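Heads up: the structure comes next, in C-alpha cells.
Residue numbers (our numbering), protein chains in the order written: chain Y, 5 to 129; chain F, 5 to 129.
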C-alpha cells in the first residue's frame with residue numbers, strides 16, 4: 005500500500021502521467037511521489053510543472069531527490085540515474101481548477117483508466 | 005561574476021560537463037550550480053551523479069529546484085521545464101579522487117579547454 009501514491013514516468017506522452025497524478029490527488033492522496041529513471045527524468049519535470057501550473061495550483065514540491073540505480077541488463081551491470089519528486093497539496097485551499105482541462109486534448113480519452121503505478125516502459129540506456 | 009560557478013548542460017556528452025563541474029571546484033569554487041532545460045535535464049542528473057560517485061566524494065546536493073521558462077521561438081511562445089542543482093563541497097574532507105579518471109575516455113582530450121558557462125546548444129522543444 006505504501007507505493008500506491010507513486011506515479012512512475014515512462015515513455016508515454018506527459019499528459020498521460022499528468023492525469024495519473026491529478027487522479028491520485030482526487031482519490032484523496034495527501035501526497036504523490038513522481039518517479040523516473042534515465043531519459044524519462046525530463047518528462048517527470050514536465051509532468052510536475054504541468055500539474056502545478058494548469059491543474060492543481062495549491063501544490064508544494066516538498067522534496068526532490070536524485071540517485072543512481074544499478075540494473076542488470078543482458079548480463080551487464082548498467083548504472084542509471086533516478087529522480088523522485090514528492091508533491092503535497094497545501095491544506096485548506098480551494099481547488100477550482102482541479103478537474104478542468106484548459107486545452108483540448110483530442111487524442112486523449114478522459115475516461116480511459118489510468119495506470120498510475122505501472123513501471124516505466126522505456127529502454128534503459 | 006555571480007554566474008561564474010554555473011554549468012549549463014547542453015547536448016554534448018555528459019563527461020564534458022562532468023569535467024566542467026570538477027574544474028569549477030578545482031578553481032576554488034565553494035559551490036557549483038548545474039542548470040539545464042528541456043531534455044537536457046536528464047543529462048544534468050547524470051552529470052551530478054557521475055561527479056558525486058567517481059570524482060568528488062565529499063559533495064552535498066544542497067538544493068534541487070525545478071521551474072518553467074517561457075521562451076519565444078519562431079514568434080511562438082513555448083514553455084520549457086528547467087532545473088537547477090546546487091552542489092557544495094563539504095569542508096575539511098580529503099579529496100583523494102578529484103583528478104582521477106576511473107575509466108578510459110578515448111575520445112576526450114583532458115587538456116582541452118572547457119566552456120563551463122556556455123548556453124545549451126540544444127533545440128528547445
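A virtual CB, placed ideally from N, CA and C, is assigned to each residue, including glycine. On a predicted model such as this, the values are computed, not experimentally measured, just so you know.
Assignment of residue 50(F) by DSSP, reduced to helix, strand and coil, places it in the helix class. Of all alpha-carbon atoms in 17(F), 50(F), 87(F), 80(F), the one lying nearest the alpha-carbon of residue 72(F) is that of 87(F). Sixteen is the threshold: when 16 or more other Cβ atoms of the shown chains lie within 10 Å of the Cβ of residue 25(Y), as they do, the residue is buried. With respect to chain F, the C-beta atom of residue 88(Y) has no partner C-beta closer than 7 Å. For residue 29(F), the enclosing alpha helix (DSSP H) starts and ends at 18–30. When the beta-carbon positions are compared, residue 55(F) and residue 11(F) stay at least 7 Å from each other. The shortest C-alpha to C-alpha distance from residue 13(F) to any of 15(Y), 46(Y), 83(Y), 39(Y) is the one to 46(Y). What residue 37(F) touches in chain Y, judged by beta-carbon distance under 8 Å, is nothing: the nearest beta carbon there is about 15 Å away. Here residue 51(F) has 13, 18, 21, 22, 25, 38 as same chain residues with Cβ atoms under 7 Å from its own Cβ, once five neighbours each way along the sequence are excluded. In this structure, DSSP gives residue 39(Y) an extended state, which the three-state scheme calls strand.
If you draw a straight line from the Cα of residue 31(Y) to the Cα of residue 92(Y), it is about 14 Å long.
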